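**Student:** Here you go, one structure.
Chains as they are written, first to last, in UniProt numbering: chain A, 1 to 215; chain B, 1 to 226.
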């Protein structure tokens, strides 16, 4: 780790604005980066509106994703029963059959991770721009990177539903069909990804004092 | 033209700002193999690799060939009590094609087939002339920016892990066998990971600029260093 102890000049403090796409620095007030064509945005709290909007949208779609069935399974032409399982119901079923490992994976990927993402993004947005110590800022950036990395992996559940419904079409013996929860879950994941992308990590560092307290 | 090591705090010429924490750095041409990291948050700012462009082009072509195989060969096969079924990658995407689940088909086709193909094509379009020391093609700048913006939405590797999870789920129910498309898709993941490891966005932006896209007259050419 190359940690730098002295005061660090940021583009914002120097009256400049950095391009988040290619890194080039422009005078404050320029709207478009002339090298890569990306929009130049100063690191201020305006981006938080978009963060909250996408986050709320993601949360709204997460509710039906848990209430409606994800999969509709029918075995032996419905004689052995046809079942509709929600996300949580699927986890319970897997535990019934003794598949504790898979049950744990599904539970973590579809329930723990989405809720942890909602909480983390809300917290990052709430404390953004507030004074922080250097080590707190490093922790926040680390959390943001984890959220950004893990966000797309929640889509795995939708892919599993698609693969199962395409593959398990054995007519009388067994068939699996997707339920409406798959769509709302996919939308919830996409909106949460957009929320994380709208968050400007430079805000995490805005609250740092210009000089450390020692000097 | 900007010479190396000089900078201007009023216009920002010769400086680089970290995209994650906004710390200012003085721009410098890097040797291949060097990695520039942010002094504050340790984010990689640039990591040029020798021969990276040729390799990315080769890997992109490989991924296109593998994708053709993955789309047209059977993907997975299942059998149980004399009943059997096989599905292709398209079959998987079309699993949602009933009623109002329809839009999800488009999203699925896009994230596992469309976007990986589009990104490979955009990368070749951007890097092909650069690797032959010619000026970049028209619209190379928006093409590369689009390719970078689509990166998080291209989900082929997540799909393969999803396949593994689905197989564990139905493993007890029926016999499953893998088609050639499955292996092609696994190869695709490795190829894409290698391509991403060679891609350094900052280096490609510099190369597009050095190769003669008229931008802002701030590019540093390696001749100046000598």
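Idealized CB from N, CA, C, for every residue including glycine. Predicted, not measured: the structure shown is a model, and the values here were computed from it.
1. Just to confirm, are residue 80 (chain B) and residue 173 (chain B) a CB contact at a threshold of 8 angstroms?
2. Tell me the DSSP secondary structure of residue 17 (chain A) in three-state form.
3. Measuring only the C-alpha atoms, how far is residue 10 (chain B) from residue 33 (chain B)?
4. If the cut is a Cβ gap below 8 angstroms, which residues of chain A does residue 196 (chain B) touch?
5. Identify which residue in B:150, B:52, B:12 and B:37 has its Cα closest to the Cα of residue 46 (chain B).
6. Buried or exposed for residue 139 (chain A), please, with buried defined as at least 16 other CB atoms from any protein chain shown within 10 angstroms of its CB.
7. Kindly indicate which three-state DSSP category residue 39 (chain B) falls into: helix, strand or coil?
8. So that I know if they touch, is there some Cβ in chain B lying closer than 8 angstroms to that of residue 10 (chain A)?
9. At a CB-CB cut-off below 7 angstroms, which residues of chain B make contact with residue 156 (chain A)?
10. Does DSSP put residue 144 (chain B) in a helix, in a strand, or in coil?
11. Just by C-beta distance, which residues in the stretch 180-206 of chain B are closer than 8 angstroms to chain A?
12. Does the beta carbon of residue 228 (chain A) come closer than 8 angstroms to any beta carbon on chain B?
13. Suppose you measure from the CA of residue 108 (chain A) to the CA of residue 45 (chain A); what does that come to, to the nearest Å?
14. Indicate whether at least one CB of chain B lies closer than 8 angstroms to the CB of residue 68 (chain A).
15. With DSSP collapsed to three states, give me the class of residue 77 (chain B).
16. Buried or exposed: which applies to residue 26 (chain A), given that a residue is buried once 16 or more other Cβ atoms fall within 10 Å of its Cβ?
17. Go ahead and label residue 62 (chain A) buried or exposed: buried means 16 or more other beta carbons lie within 10 angstroms of its beta carbon, across all protein chains shown.
18. Are there 16 or more other CB atoms within 10 angstroms of the CB of residue 114 (chain A), so buried, or fewer, so exposed?
**Tutor:** Looking at the atomic coordinates:
1. Pairing residue 80 (chain B) with residue 173 (chain B) gives a Cβ-Cβ distance under 8 angstroms.
2. In the structure shown, the three-state DSSP call for residue 17 (chain A) is strand.
3. C-alpha separation (whole angstroms): 32 angstroms.
4. Near residue 196 (chain B) there are no residues of chain A at all, since even the closest Cβ is about 13 angstroms away, more than 8 angstroms.
5. Per the Cα distances, B:37.
6. Around the beta carbon of residue 139 (chain A), fewer than 16 other beta carbons lie within 10 angstroms, which makes this residue exposed.
7. DSSP places residue 39 (chain B) in coil when its eight states are reduced to three.
8. By this cut-off, residue 10 (chain A) is an interface position.
9. By Cβ distance, chain B contributes 158, 161, 162 and 165.
10. Reduced to three states, the DSSP call for residue 144 (chain B) is helix.
11. Those residues of the stretch 180-206 of chain B that come within reach of chain A (Cβ to Cβ, closer than 8 angstroms) are 201, 202 and 205.
12. Here chain A covers residues 1 to 215 and nothing more, so residue 228 (chain A) does not appear.
13. The C-alpha of residue 108 (chain A) lies about 32 angstroms from the C-alpha of residue 45 (chain A).
14. The beta carbon of residue 68 (chain A) sits no closer than 8 angstroms to any beta carbon of chain B.
15. Residue 77 (chain B) falls in the strand class under three-state DSSP.
16. With 16 or more Cβ atoms within 10 Å of its Cβ, residue 26 (chain A) is classed as buried.
17. By the neighbour-count definition (other C-beta atoms within 10 Å, threshold 16), residue 62 (chain A) is a buried residue.
18. Burial of residue 114 (chain A) is indicated by the presence of at least 16 other C-beta atoms within 10 angstroms of its C-beta.
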